[in-house]
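Data block below; observations after.
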Amino acid sequence: MSEPAATILLIDDDEVFVRVLSRALTARGFTVVTAHDRASALAACAEHRPDHAVLDLKLGAENGLALIPELLAASPRLRILLLTGYASIATAVEAIKRGAHDYLAKPVDADQVVHALLGDGRDDAELEAALPDAPPPLKRLEWEHIQRVLAECEGNISETARRLGLHRRTLQRKLAKRPVREAGH
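Here is the structure:
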């Protein structure tokens with residue numbers, strides 16, 4: 001008898017992305033359960049007891065980072081992969097601190113997701129290859145610093161703006177922009 005397929009809980013508010021990734025993961029032999037917000041994710045986790053969860057950082061107005069401990073409380077052996085279109089070192093570190101097993105920047109494909117969920121993570125050679133040879137641009141460093149302070153303030157925009165010495169609206173404009181890509185990427 002063959003082993004039952006591993007179950008993946010796919011949590012993202014982008015319904016098109018969920019539908020496409022769900023089909024691709026199903027074609028790779030997984031059972032996929034989907035959710036588009038915190039409440040449906042927790043209900044699906046309790047009902048289906050998935051092996052893995054693929055979680056988006058931004059779930060509409062909700063924050064995926066806050067959902068990580070709740071998912072783990074519902075299913076302690078759950079392996080969580082956090083996805084985001086706004087990659088930063090601060091959010092990656094915060095995701096791992098909260099219990100995520102890996103972190104990928106969007107766009108991603110199903111093969112990357114499967115590798116992150118089932119692989120043993122990146123080895124040192126892969127990490128070195130991913131590091132840029134040149135220092136990141138100043139705008140990228142600013143983005144990283146803002147994300148780090150925002151994580152320390154648990155997503156509180158007003159407190160983050162106060163700590164950074166910025167007006168709240170200025171901070172919101174900076175956060176609305178996409179992060180600066182590193183040279184050569």
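Numbering-wise, the working numbering puts 2 at position 2 of the sequence shown, and it's gapless, one number per residue.
Just so it is clear, CB atoms sit at the ideal spot from N, CA and C, and this is done for glycine as well.
The structure presented is a predicted model; accordingly, all values stated were derived computationally and were not measured.
For Lys58, same chain residues with a beta-carbon under 6 angstroms away, outside a window of 5 residues either side, do not exist.
Taking C-beta atoms as the reference points, Ala66 and Leu9 fail to come closer than 8 angstroms. Scanning the region 51-122 from its first residue to its last, the whole alpha helix (DSSP H) runs of 4-plus residues come out as 64-74, 89-98 and 110-118. Residues of the same chain with a CB within less than 7 angstroms of the CB of Glu94, apart from the 5 flanking positions on each side, are Leu65 and Ala151 in chain order.
Rounded to the nearest angstrom, the gap between the Cα atoms of Ala92 and Arg148 is 10 angstroms. A contact between stretches requires three or more CB pairs, one per stretch, nearer than 8 angstroms, and the region 23-36 meets this requirement with the region 101-113. Between Asp51 and Arg19 the beta-carbon gap is near 21 angstroms, outside 8 angstroms, which marks them as no contact.
For Ala35, the three-state secondary structure derived from DSSP is strand. The bridge partners DSSP lists for Ile11 are Ala35 and Leu55.
With 16 or more other CB atoms across the displayed protein chains lying within 10 angstroms of its CB, Val54 is buried.
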